Amino acid sequence: MALGSHSLVVTATDIDGKSTSVRSDFLKVTDLGFVAPLPDESFYMPFDGDNANRFAYRADKATVVGIPGFEANGWQKEAYKGAENSYLELPTAGLLGDEFSAAFWYKVNPTPDRAGMLVIGATPDNRNQGIRLFREGNATEQRIKLNVGTGGGETWNDGDVLDATSAEWVHIAFTISASKTTIYFNGVEKRAADLPAKIDWTGCDVATIASGGETFSYWNHKSDLSLMDELRFFNKALTQAEIASIMADVPDELDSETLYMSFNGNYMPQMVATTVGVPSYAEDSKYREAYKGAENAYLEVPTAGLLSDEFSAAFWYKVNPTPDRAGMLVIGATPDNRNQGIRLFREGNATEQRIKLNVGTGSSDAWNDGDVLDATSAEWVHIAVTISASKSTIYFNGVEKRTADLPAKIDWTGCDVATIASGGETFSYWGHESDLSLMDEMRFFNKALSQAEIKAIYDSEL
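If you count the sequence shown from 1, you need to add 17 to reach the numbering used here.
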């Protein structure tokens, strides 16, 4: 399907010839995924390609200053990679209005300790026109700030701090309305600041990407050597929900995804799961149907091709606190100990259930005590676990709840079967038997997903 706007029309006709139609409009904005229509988007730069003519889809292409490069492992495909004395310049005709927003994926390089990120200015003499998004800090943390010119003066938004030691991508967005500016990280509002007047764009003819450029290189806000991907401009102040939908523009199947169970119509569309007992389907689901647990019932999936030194799992979950404990996802080798594989399970009572994770590291095991779900709520919760070589992390609804160190990497020796919705053959002791809860949209990955990736999956499935 080509990039751009599309419409899908479904028409149903009954035996009497009467028909009805339903129309859905959508915008395909990348080669990898879909995002809800955002008609106020004025500019999109995917950074996929190897020359200036592929930097942007506008007719008036970006001007490349210096020698920036491409990073093969971008958020989607390739990414912009900054270099000294290098940046991009873009004419702003048609891009600016009384409201403005920008959003992009960013992997910070704290060297140098400050840089311009996105600057649309008029003159280096003052900051009374346009915008200046920039970073300042040190080798361990970098603060993202925004300065906005309002004609007779300027205003500041001190944003928030990025962990400069992390190798994770972060989604950064900022919005400018007639009365305030707001900065978001990974779809979460970090700081809002009042504007005394609306933004003034007088003389702001050029947008500078990845540097302070001609109008804001003082205070050493020069070229940014960080990675940037999927840059978008909008001629309105986006809502938080719209920012979340942009973050959700991810591949339908991530490169690292090894298994997907939709629980729609059959339990495993591409691989064969063994059904133990009599579980069922529920129409109360996140999408179409969901797995509904039953006593002495669960699923078993062969793990061939699913396991690696890193691992993640994500799914939607509506807890049933009866019984008061159960296995949720178990990939084990033996009931004799917990030195191999993983055990995700719940324990608690009728009002709250704690989600915990146990990981085998060969000669021992490690625990992550997770966090508590409200067992009286009828809400679906997105649960994700990630396991890297050094730590495990549990997330609820895209938010990190607890991280625990691992003494060694995970050991999968003898872990030939994944058990879903029960402790199964290897972890039914301590009463961790079948889970009667609802489960939907289960995915496995052969890497430790970043929080940004988990948040994007969560947002895309809301």
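By construction, the Cβ of each residue, glycine as well, lies at the ideal position given by its N, Cα and C atoms. Remember, it's a predicted structure, so these values are computed and weren't measured experimentally.
Practice task
Report back the beta-carbon spacing between A307 and S451 to the nearest angstrom; my notes put them in contact at under 8 Å.
Solution key: Here residue 307 corresponds to residue number 290 of the sequence shown, with the count starting at 1. Here residue 451 corresponds to residue number 434 of the sequence shown, with the count starting at 1. Incorrect: roughly 16 Å between the Cβ atoms, too far for contact.
Practice task
Please look up how many angstroms separate the CB atoms of N366 and D388, rounded, as I've assumed it's under 8 Å.
Solution key: Locating residue 366 in the sequence shown gives position 349, where the first residue counts as 1. Locating residue 388 in the sequence shown gives position 371, where the first residue counts as 1. Contact between N366 and D388 does not hold, since their C-beta atoms are separated by about 15 Å, which reaches or exceeds 8 Å.
Exercise for the section: Could you please give the first and the last residue of the uninterrupted beta strand (DSSP E) stretch that includes Q468? Expected result: Residue 468 sits at position 451 when you count from the first residue of the sequence shown. Where Q468 is concerned, there is no enclosing beta strand (DSSP E), although the alpha helix (DSSP H) it sits in stretches over Q468 to S477.
Practice task
Say whether the segment 179-188 touches the segment 115-123, bearing in mind that this needs 3 or more beta-carbon pairs closer than 8 Å, one atom from each stretch.
Solution key: With the cut-off at 8 Å, the segment 179-188 and the segment 115-123 touch.
Exercise for the section: Within the same chain, show all residues whose beta-carbon is closer than 6 Å to that of F461, passing over the 5 residues directly before and after it, in chain order. Expected result: The residue you call residue 461 lines up with position 444 of the sequence shown. Closer than 6 Å at Cβ, skipping near neighbours: T275, L276, L323 and A330.
Practice task
Confirm, please, whether the CB-CB distance from C432 to G358 is below 8 Å.
Solution key: Your numbering for residue 358 matches position 341 in the sequence shown. Your numbering for residue 432 matches position 415 in the sequence shown. With respect to the 8 Å criterion, G358 and C432 are classified as neighbours on the basis of their beta carbons.
Problem - Boundaries of the alpha helix (DSSP H) in which Q257 is found, first to last residue - result: The sequence position of residue 257 within the sequence shown is 240, counting from 1. Per DSSP, Q257 belongs to the alpha helix (DSSP H) from Q257 to M264.
Practice task
Assuming S240 contacts E101 (C-beta within less than 8 Å), just tell me the rounded distance between them.
Solution key: For the purposes of this step, residue 240 is identified with residue 223 of the sequence shown, where counting begins at 1. For the purposes of this step, residue 101 is identified with residue 84 of the sequence shown, where counting begins at 1. 6 Å between Cβ atoms; contact.
Handout entry: Three CB pairs or more closer than 8 Å across the segment 210-217 and the segment 156-167
Key = They touch, by the three-pair rule.
Practice task
For Y235, count neighbouring Cβ atoms within 10 angstroms of its own Cβ and tell me buried if that reaches 16, exposed if not.
Solution key: Locating residue 235 in the sequence shown gives position 218, counting from the first residue. By the 16-neighbour rule on beta-carbons within 10 angstroms, Y235 is exposed.
Practice task
Might you give, ordered along the chain, the residues of its own chain that have their beta carbon closer than 6 Å to the beta carbon of L248, omitting 5 neighbours on each side?
Solution key: Taking the first residue of the sequence shown as position 1, residue 248 is located at position 231. So the list reads M62 and F121, once near-sequence residues are dropped.
Exercise for the section: Compare the Cα-Cα distances from W333 to each of A406, T339, A261 and L346 and report the closest residue. Expected result: Here residue 333 is taken as the residue at index 316 of the sequence shown, counted from 1. Cα-wise, what sits closest to W333 is L346.
Exercise for the section: Work out the CA separation of A438 and Y298 for me, nearest whole Å. Expected result: Taking the sequence shown and counting its residues from 1, one reaches residue 298 at position 281. Taking the sequence shown and counting its residues from 1, one reaches residue 438 at position 421. If you take the alpha carbons of Y298 and A438, they lie about 13 Å apart.
Problem - T320 and A401 closer than 8 Å at C-beta - result: Against the sequence shown, residue 320 aligns to sequence position 303. Against the sequence shown, residue 401 aligns to sequence position 384. No, the Cβ-Cβ distance between T320 and A401 is not below 8 Å.
Practice task
Check Y315 in the structure and name its three-state DSSP category.
Solution key: For the purposes of this step, residue 315 is identified with residue 298 of the sequence shown, where counting begins at 1. Strand.
Handout entry: Range of the contiguous beta strand (DSSP E) that encloses D177
Key = As a first step, residue 177 must be located in the sequence shown, where it is residue number 160. It spans E171 to D180 - the beta strand (DSSP E) in which D177 sits, taken as one unbroken run.
Practice task
Look at the alpha carbon of L533 and the alpha carbon of I32, and state the distance between them as a whole number of angstroms.
Solution key: The structure shown does not extend to residue 533, since the chain is modelled only from 18 through 479, so no value can be given for it.
Handout entry: Limits of the unbroken beta strand (DSSP E) element including I148
Key = Here residue 148 is taken as the residue at index 131 of the sequence shown, counted from 1. According to the DSSP assignment, I148 belongs to the beta strand (DSSP E) that extends over I148 to G154.
Practice task
Express the C-alpha separation of E88 and Q146 in angstroms, rounding to a whole number.
Solution key: In the sequence shown, residue 146 corresponds to position 129, counting from 1. In the sequence shown, residue 88 corresponds to position 71, counting from 1. Taking the straight line from one Cα to the other gives about 33 Å.
Handout entry: Distance CB(G176)-CB(K197) smaller than 8 Å
Key = Position 159 of the sequence shown, counted from the first residue, corresponds to residue 176. Position 180 of the sequence shown, counted from the first residue, corresponds to residue 197. Cβ distance not < 8 Å, so G176 and K197 don't count as in contact.
Practice task
Would you kindly report the start and end of the unbroken beta strand (DSSP E) that includes A132?
Solution key: Translated into positions along the sequence shown, residue 132 becomes position 115. Residues R131 to G138.
Problem - Proximity of L453 and T351 at Cβ, strictly below 8 Å - result: Along the sequence shown, read from residue 1 onward, the residue named residue 453 stands at position 436. Along the sequence shown, read from residue 1 onward, the residue named residue 351 stands at position 334. Not in contact: L453 and T351 (Cβ atoms no closer than 8 Å).
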